[in-house]
Amino acid sequence: RLSIDGGKTWVTAALKAAGVWDYIWPDDVADGGYTLTVEATDEAGNKTTQTLDFTIDTTLSVPTLSLDSADDSGIAGDNITNVKTPGFTLNNIDTDVSRVTVEVMHNGIKQEVPLVQTGGQWRFAPTSDWADGDYILTVKVEDRAGNVKQSAPLTVTVDTHIAIDRIELVNDSGIPDDNLTNEARPHFQVTVPADVNGVRLSIDGGKTWFDATQSGTSGVWDYTRQGGKQNDAETGLHHRYPAVRTDDYPGQCG
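Residue 166 in the UniProt record's numbering sits at position 166 of the sequence shown, with consecutive numbering throughout.
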């Protein structure tokens with residue numbers, strides 16, 4: 001017979017094979033540490049007892065993963081970065097974990113990276129530059145009891161490039177596409193990728209800048225020189241194109 005409450009209650013084991021007795025508790029036993037007491041009696045009436053300390057552990061916290069705020073460039077919290085080796089912080093990691101891994105999925109290729117705790121923190125960062133694109137990260141933890149938990153997937157986009165597709169002088173008078181105009185208020189239209197969130201223009205070599213306005217078409221920005229009639233130099237007639245600067249969500253400037 002067996003007891004896990006110090007002999008207050010006993011259950012009877014069943015003979016499974018010669019010299020082997022078996023018992024499975026019919027109800028769930030709460031998590032915690034226990035001492036199993038086994039009492040054996042032979043046909044002559046001799047009795048002996050032996051104990052075994054064991055622990056039941058059925059719980060494990062679900063880990064979390066987040067992109068470091070210092071590496072979340074551009075708009076905070078959008079998980080888009082221009083950092084090629086972004087850092088990540090792992091939280092909600094129980095102290096009894098025996099294995100912690102980060103799974104990274106990119107372009108259909110999966111990589112599993114085992115981690116070790118450093119300075120009391122769980123962190124992850126790639127050891128080499130990540131190419132531009134989407135990365136799906138998942139944290140998996142396992143404790144000594146064999147419980148396994150997995151975090152919700154985190155999608156992070158690495159975007160280190162920005163481009164200006166086209167600059168157009170809309171009110172190009174006279175010969176088409178010669179970038180000469182008799183308009184004192186030139187209207188410029190700039191075409192950029194859809195993730196660009198700011199466009200500025202300069203017609204004096206970058207000394208002063210003007211903010212363009214996003215049009216109703218994705219990726220198209222407009223600016224019309226304001227103010228009264230300007231002379232040729234002020235309107236930029238002696239410049240083929242204005243200088244254009246763009247900013248996208250990860251914080252690239254081009």
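For each residue, glycine too, the CB sits at the ideal point set by N, CA and C.
Quantities reported herein were computed from a predicted structural model and do not represent experimental measurements.
Evaluate residue i with the Cβ neighbour count: other Cβ atoms within 10 Å of its Cβ, from every protein chain shown; 16 or more gives buried, anything less gives exposed.
{"i": "Arg200", "result": "buried"}
{"i": "Ile136", "result": "exposed"}
{"i": "Asp42", "result": "exposed"}
{"i": "Asn91", "result": "exposed"}
{"i": "Pro63", "result": "buried"}
{"i": "Ala152", "result": "exposed"}
{"i": "Leu169", "result": "buried"}
{"i": "Lys8", "result": "exposed"}
{"i": "Pro186", "result": "buried"}
{"i": "Ala20", "result": "In the sequence as presented, Ala is not what sits at residue 20; that position holds Val. Under this definition Val20 is an exposed residue."}
Do you know how far the Cα of residue j is from the Cα of residue i?
{"i": "Ser173", "j": "Asp159", "result": "38 angstroms"}
{"i": "Asp222", "j": "Asp78", "result": "26 angstroms"}
{"i": "Ala13", "j": "Gln150", "result": "38 angstroms"}
{"i": "Arg144", "j": "Ser218", "result": "53 angstroms"}
{"i": "Thr208", "j": "Ser202", "result": "6 angstroms"}
{"i": "Ile24", "j": "Ser98", "result": "27 angstroms"}
{"i": "Thr224", "j": "Asn107", "result": "42 angstroms"}
{"i": "Ile75", "j": "Val196", "result": "12 angstroms"}
{"i": "Val190", "j": "Arg166", "result": "6 angstroms"}
{"i": "Ile4", "j": "Pro126", "result": "48 angstroms"}
{"i": "Asp57", "j": "Leu36", "result": "16 angstroms"}
{"i": "residue 277", "j": "His161", "result": "A question about residue 277 goes unanswered here, because the residues of the chain that appear run from 1 up to 254."}
{"i": "Ser16", "j": "Asp22", "result": "One detail in the question is off: residue 16 reads as Lys in this sequence, not Ser. So the two alpha carbons sit approximately 6 angstroms from each other."}
{"i": "Asp71", "j": "Thr59", "result": "33 angstroms"}
{"i": "Gly6", "j": "Val29", "result": "15 angstroms"}
{"i": "Asp178", "j": "Asp204", "result": "20 angstroms"}
{"i": "Leu18", "j": "Thr138", "result": "Position check: residue 18 holds Ala in this sequence, whereas Leu was assumed. So the alpha carbons of these two residues sit roughly 49 angstroms apart."}
{"i": "Asp27", "j": "Ala194", "result": "59 angstroms"}
{"i": "Ile175", "j": "Gln111", "result": "57 angstroms"}
According to DSSP, which residues form a beta bridge with residue i?
{"i": "Ser66", "result": "Thr89"}
{"i": "Glu39", "result": "Thr49"}
{"i": "Val113", "result": "Val102"}
{"i": "Leu154", "result": "Leu137"}
{"i": "Gln189", "result": "Glu168 and Asp222"}
{"i": "Lys149", "result": "Val141"}
{"i": "Val29", "result": "DSSP output for Val29 lists no bridge partner at all."}
{"i": "Ile56", "result": "Gly32"}
Going by the CB atoms, is the gap between residue j and residue i shorter than 8 angstroms?
{"i": "residue 338", "j": "Ser69", "result": "Since the first and last residues shown for the chain are 1 and 254, residue 338 lies out of range."}
{"i": "Ile93", "j": "Val141", "result": "yes"}
{"i": "Phe124", "j": "Val116", "result": "no"}
{"i": "Gly33", "j": "Thr55", "result": "yes"}
{"i": "Ser61", "j": "Phe88", "result": "no"}
{"i": "Val148", "j": "Trp122", "result": "no"}
Suppose the cutoff is 7 angstroms on Cβ atoms and the five residues either side in sequence are ignored; what does the same chain contact list for residue i look like?
{"i": "Cys1", "result": "According to the sequence shown, residue 1 is Arg rather than Cys. Hits under 7 angstroms: Trp10, Val11, Thr12, Ala13 and Glu39."}
{"i": "Asp211", "result": "Arg200"}
{"i": "Val83", "result": "Asp71 and Ser73"}
What does a CB cutoff of less than 8 angstroms around residue i pick up in its chain, not counting 5 residues either side in sequence?
{"i": "Ser128", "result": "Thr85"}
{"i": "Gly133", "result": "His106, Asn107, Thr157 and Val158"}
{"i": "Thr213", "result": "Trp221, Asp222 and Tyr223"}
Only counting the same chain, and skipping five residues up and downstream in sequence, which positions put a Cβ closer than 6 angstroms to that of residue i?
{"i": "Asn182", "result": "Ser173"}
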